[in-house]
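Asker: Before I ask anything, here is the structure I am working with.
Protein chains: 2
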Amino acid sequence: MTSRTPRIACIGAGNIGRSWAVAFARGGAAVRLFDTVPAALERARSAIEATATDLEQMGRLPDKQALLDRIQVSTSLSEAIEGACHIQESVIDDLEVKRRVFRDLDAAAPDTVTIGSSSGELPVSKFTDELPGRGRCLLVHPVNPPHILRAVEICPTPWTDPWAVESSTRLVESLGMVPLKVSREINGYVINRLQYALIGEALHLVGAGYCEPADIDAALKHGLGLRWAFLGPFETSHLNASQGYLQYMLTDEEGARRLMTDVGARYPWNHALIEKIHRYLEASLPVSAMPAHQRERDRTLMSLMQRLQERKGES
Amino acid sequence: MTSRTPRIACIGAGNIGRSWAVAFARGGAAVRLFDTVPAALERARSAIEATATDLEQMGRLPDKQALLDRIQVSTSLSEAIEGACHIQESVIDDLEVKRRVFRDLDAAAPDTVTIGSSSGELPVSKFTDELPGRGRCLLVHPVNPPHILRAVEICPTPWTDPWAVESSTRLVESLGMVPLKVSREINGYVINRLQYALIGEALHLVGAGYCEPADIDAALKHGLGLRWAFLGPFETSHLNASQGYLQYMLTDEEGARRLMTDVGARYPWNHALIEKIHRYLEASLPVSAMPAHQRERDRTLMSLMQRLQERKGES
Numbered sequence: 001m002t003s004r005t006p007r008i009a010c011i012g013a014g015n016i017g018r019s020w021a022v023a024f025a026r027g028g029a030a031v032r033l034f035d036t037v038p039a040a041l042e043r044a045r046s047a048i049e050a051t052a053t054d055l056e057q058m059g060r061l062p063d064k065q066a067l068l069d070r071i072q073v074s075t076s077l078s079e080a081i082e083g084a085c086h087i088q089e090s091v092i093d094d095l096e097v098k099r100r101v102f103r104d105l106d107a108a109a110p111d112t113v114t115i116g117s118s119s120g121e122l123p124v125s126k127f128t129d130e131l132p133g134r135g136r137c138l139l140v141h142p143v144n145p146p147h148i149l150r151a152v153e154i155c156p157t158p159w160t161d162p163w164a165v166e167s168s169t170r171l172v173e174s175l176g177m178v179p180l181k182v183s184r185e186i187n188g189y190v191i192n193r194l195q196y197a198l199i200g201e202a203l204h205l206v207g208a209g210y211c212e213p214a215d216i217d218a219a220l221k222h223g224l225g226l227r228w229a230f231l232g233p234f235e236t237s238h239l240n241a242s243q244g245y246l247q248y249m250l251t252d253e254e255g256a257r258r259l260m261t262d263v264g265a266r267y268p269w270n271h272a273l274i275e276k277i278h279r280y281l282e283a284s285l286p287v288s289a290m291p292a293h294q295r296e297r298d299r300t301l302m303s304l305m306q307r308l309q310e311r312k313g314e315s
Numbered sequence: 316m317t318s319r320t321p322r323i324a325c326i327g328a329g330n331i332g333r334s335w336a337v338a339f340a341r342g343g344a345a346v347r348l349f350d351t352v353p354a355a356l357e358r359a360r361s362a363i364e365a366t367a368t369d370l371e372q373m374g375r376l377p378d379k380q381a382l383l384d385r386i387q388v389s390t391s392l393s394e395a396i397e398g399a400c401h402i403q404e405s406v407i408d409d410l411e412v413k414r415r416v417f418r419d420l421d422a423a424a425p426d427t428v429t430i431g432s433s434s435g436e437l438p439v440s441k442f443t444d445e446l447p448g449r450g451r452c453l454l455v456h457p458v459n460p461p462h463i464l465r466a467v468e469i470c471p472t473p474w475t476d477p478w479a480v481e482s483s484t485r486l487v488e489s490l491g492m493v494p495l496k497v498s499r500e501i502n503g504y505v506i507n508r509l510q511y512a513l514i515g516e517a518l519h520l521v522g523a524g525y526c527e528p529a530d531i532d533a534a535l536k537h538g539l540g541l542r543w544a545f546l547g548p549f550e551t552s553h554l555n556a557s558q559g560y561l562q563y564m565l566t567d568e569e570g571a572r573r574l575m576t577d578v579g580a581r582y583p584w585n586h587a588l589i590e591k592i593h594r595y596l597e598a599s600l601p602v603s604a605m606p607a608h609q610r611e612r613d614r615t616l617m618s619l620m621q622r623l624q625e626r627k628g629e630s
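Residue numbers (the working numbering), protein chains in the order written: chain B, 1 to 315; chain A, 316 to 630.
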């Protein structure tokens, strides 16, 4: 991290674009938010004010005015990107629009500026392939809303230069967010693949009449989702067996494989993969202290449920 | 609900069995916890005491001693089930063991007693088919740990009588838990199918080298999981589009279908299903008040993250 305040241009002032602007500004960056439509910028400005008020009221922001001062809006692209070290594109998911916007950005921004796309659906390679500066273009994809949730997946196209990946990763980290490094492009990348695997099975269960929509939502918010709020799926499995992940996956390996195949997950995992994941888990959650980990999980679950109950009482 | 205290027999004193005992006792039931192994009952007794202490310390239990007084342990099956209105089986997931235990339970318990199995893996029909009283046997499956998490899926076998489903559902509800009614058996039922769809894709992403295990866990605990802690997947999608679920699913229908197919979810959903889910969402989260719903979502997310941060500071 340099001591200079990083300057970031946010392109597109829709929901994601303006949430990005707040996320970057919360992390200390100076942000210019660009849109071709003046009315969109006006809407964004008042939405950002409301967001900043909420952040302050919830104790998540020390100085609302300082944050608002770090966000400027602009209808001039050249003004928006002037002096920026990173450009974050969040226009609509339409191939022709993305193509045009990236052509303009690549033409206007100096070579050293990274250009991240918020595209969760279209692979970035699809609309950057013909650009002279395609080596600094890459995926920088958040979870909605990025001004609160911290996970950001970062993925190179086949032609993205390593420095662009490193630079974007460090930037995201320096702003207090959590970069997930995806090694190469795949439809939906990591976050939406995980999400859509579950959504797809949810549609199957309701569509084929096994349960009602409310049961799906209840299964998450009164069950699986509360664990996943602070433990990932590997960590969750690890804590569900006294001997950890290896035991969880291999005690009834045949049953686990059958169930995954039934829900459409056909990747032929082997024991080396399970052992690799177990080693990763062992580093932060050693099996030797499993009862303590489980107790901490339970206490955190209780704490979250209590907070949710309090909020229900408030509203 | 009757004014009488329901009596429940918990069979098997492992992790799930003893957590069930606490769950039922928290809900006001009188519990007898049975195991053939005296040492297992001793371990369960001290684990239950520790659990009750944590519940009380976390403000989730008004009277620890009253709860402990409602749980008795026993090595006599006939003593354990005497006077019970419901028997909850939580022995190991082994077909022969389940078969034997259900044979004993069915022989010993009066016809009016429902027998629920905690089996998340083996379908209940596989080990109840030959029982004279198979009509009162069914799945009653929690999320671990059931003394904290409230979702419980309830599913009949092909021969379960409707009264047994109704009675178990009312019992679970009366104890403050959230029943999910599954209409008919399917491998993994609802909770584990949703979980394993995501787990299976996670193994694919790590196994094929797209990311590291830590990235998967981060995608949930710094992203998807925080939303799912209080909004199910349908509710989450609904709030991600200003016009709600219909817009979320159908704006780029082709892309959504392609992504689901890519992650293995091959159910051929149609517009009628999406409209049904939208109607269900509209009842509690009307599109006309979408900005208010999104703001409430954001405030709850901030509140949960603040609580998690506080806990990290404590530990």
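All C-beta atoms in this analysis are idealised placements derived from N, C-alpha and C, irrespective of residue type, glycine included.
1. Here's the rule: buried if 16 or more other CB atoms are within 10 angstroms of the residue's CB, otherwise exposed. What is SER422(A)?
2. Would you please state the rounded distance, in angstroms, between the beta carbons of GLY547(A) and ILE115(B)? I believe it to be under 8 Å.
3. At what residue ranges does the region 356-393 of chain A contain a whole run of the beta strand (DSSP E), taking only runs of 3 or more?
4. From TYR248(B) to ARG341(A), what distance separates their C-alpha atoms?
5. Using a Cβ cut-off of 7 Å, pull out every chain C residue sitting near HIS537(A), in sequence order please.
6. When burial is assigned at 16 or more other CB atoms within 10 Å of the CB, is PRO447(A) buried or exposed?
7. Can a CB atom of chain A be found closer than 7 Å to the CB of MET58(B)?
8. Suppose you measure from the CA of THR390(A) to the CA of ALA324(A); what does that come to, to the nearest Å?
9. Starting from THR472(A), find everything on chain B with Cβ-Cβ shorter than 9 Å and list it in chain order.
10. Just tell me which of VAL152(B), MET260(B), ARG70(B) has its CA closest to the CA of GLY503(A).
11. Along chain B, which residues have their Cβ under 8 Å away from the Cβ of THR615(A)?
12. Would you mind telling me which residues of chain B sit closer than 7 Å to HIS519(A), beta carbon to beta carbon, in chain order?
13. Cβ closer than 7 Å: which chain A residues qualify as neighbours of ALA229(B)?
14. For LEU301(B) and ARG614(A), what's the separation of their Cα atoms in angstroms?
15. Could you pull the start and end residues of the beta strand (DSSP E) that SER117(B) belongs to?
16. By how many angstroms is the C-alpha of TYR525(A) removed from the C-alpha of GLY313(B)?
17. Name the chain A residues whose beta carbon is nearer than 8 Å to that of PHE127(B)?
18. Is any heavy atom in the ligand NAD found nearer than 6 Å to the beta carbon of VAL91(B)?
19. VAL37(B) touches chain A at which residues, Cβ-Cβ below 7 Å?
20. Whose Cβ in chain A lies nearer than 8 Å to the Cβ of VAL124(B)?
21. Looking at the structure shown, is PRO477(A) part of a helix, part of a strand, or coil, going by DSSP?
22. Could you check how far apart the C-beta atoms of ARG453(A) and VAL439(A) are, in whole angstroms? I think they sit under 8 Å.
23. Classify GLY491(A) as buried or exposed, calling it buried when 16 or more other Cβ atoms lie within 10 Å of its own Cβ.
24. Which residues bound the alpha helix (DSSP H) around LEU619(A)?
25. Within the continuous alpha helix (DSSP H) that includes LEU420(A), where are the two ends?
26. Please report the distance separating the alpha-carbon of GLU296(B) from that of GLN243(B).
27. Restricting to Cα atoms, I'd like to know which of ILE331(A), GLU357(A), ASN330(A), ILE326(A) is closest to LEU348(A).
28. Looking at TYR267(B): is its Cβ nearer than 7 Å to the Cβ of VAL578(A)?
29. The beta strand (DSSP E) with HIS401(A) in it runs from where to where?
30. When the Cα of ASP476(A) is compared with those of ALA344(A), GLY450(A), PRO457(A), LYS379(A), which residue comes out closest?
31. DSSP has HIS537(A) in a bridge; who is on the other side?
32. In angstroms, rounded to a whole number, what distance separates the CA positions of GLU500(A) and ILE191(B)?
33. Give the straight-line distance between the Cα atoms of GLU254(B) and ALA202(B), rounded to the nearest whole angstrom.
34. Closer than 7 Å, CB to CB, is GLY524(A) near chain B or not?
35. Should ILE16(B) and SER174(B) be called a contact, given that it needs their Cβ atoms to be closer than 7 Å?
36. Below 8 Å between beta carbons is the criterion; list the residues of the region 406-421 of chain A that meet it against any residue of chain B, in chain order.
Answerer: Let me lay it out:
1. Rather than Ser, the amino acid found at residue 422(A) in this sequence is Ala. Note on ALA422(A): under 16 other CB atoms within 10 angstroms of its CB, so exposed under the neighbour-count rule.
2. That pair is no contact at about 35 Å.
3. Correct list: 386-389.
4. Roughly 28 Å between the two C-alpha positions.
5. Absence of chain C from the displayed structure is noted, the protein chains being B and A.
6. Using a 10 angstroms sphere on the CB of PRO447(A), the tally of other CB atoms stays under 16, which defines it as exposed.
7. With its beta carbon less than 7 Å from one in chain A, MET58(B) belongs to the interface.
8. Approximately 12 Å, taken between the alpha carbons.
9. In chain order: nothing, as chain B lies at least about 14 Å away.
10. The option with the nearest alpha carbon to GLY503(A) is MET260(B).
11. Per Cβ cutoff of 8 Å: LEU308, ARG311.
12. By Cβ distance, chain B contributes ALA265, TYR267.
13. Near ALA229(B) (Cβ distances below 7 Å), the residues of chain A are LYS536, GLY540, LEU541, ALA544, LEU619.
14. Separation of LEU301(B) and ARG614(A) (C-alpha to C-alpha, rounded to the nearest whole angstrom) is 19 Å.
15. Per DSSP, SER117(B) belongs to the beta strand (DSSP E) from 114-117.
16. About 43 Å.
17. Within chain A, no residue comes near PHE127(B); the closest Cβ sits about 14 Å away, beyond 8 Å.
18. Ligands are entirely absent from the displayed structure, and the ligand NAD is therefore not among its contents.
19. For VAL37(B), no chain A residue has a Cβ inside 7 Å of its Cβ, as the nearest lies near 16 Å away.
20. Under the 8 Å cutoff, chain A gives no residues; its nearest Cβ is about 15 Å from VAL124(B).
21. PRO477(A): helix per DSSP, three-state reduction.
22. Sequence check: residue 453(A) is Leu here, not Arg. At roughly 6 Å, the Cβ-Cβ gap stays under 8 Å, so LEU453(A) and VAL439(A) are in contact.
23. For GLY491(A), the number of other beta carbons within 10 angstroms of its own is below 16, and it is reported as exposed.
24. Looking at the DSSP string, the run of the alpha helix (DSSP H) that includes LEU619(A) is 605-629.
25. Counting along the chain, the alpha helix (DSSP H) containing LEU420(A) begins and ends at 410-423.
26. The straight-line gap from Cα to Cα measures roughly 17 Å.
27. Ranking the options by Cα distance to LEU348(A), first place goes to ILE326(A).
28. Going by C-beta atoms, TYR267(B) is not nearer than 7 Å to VAL578(A).
29. Here the beta strand (DSSP E) through HIS401(A) covers 401-404.
30. Of ALA344(A), GLY450(A), PRO457(A), LYS379(A), the residue nearest in Cα terms is GLY450(A).
31. DSSP, once it has assigned bridges, lists no residue as partnering HIS537(A).
32. The straight-line gap from Cα to Cα measures roughly 30 Å.
33. Between GLU254(B) and ALA202(B), the C-alpha separation is close to 23 Å.
34. Yes, GLY524(A) lies at the interface with chain B (some Cβ there is under 7 Å from its Cβ).
35. When the beta-carbon positions are compared, ILE16(B) and SER174(B) stay at least 7 Å from each other.
36. Against chain B - using a Cβ distance shorter than 8 Å - the residues of the region 406-421 of chain A are ASP408.
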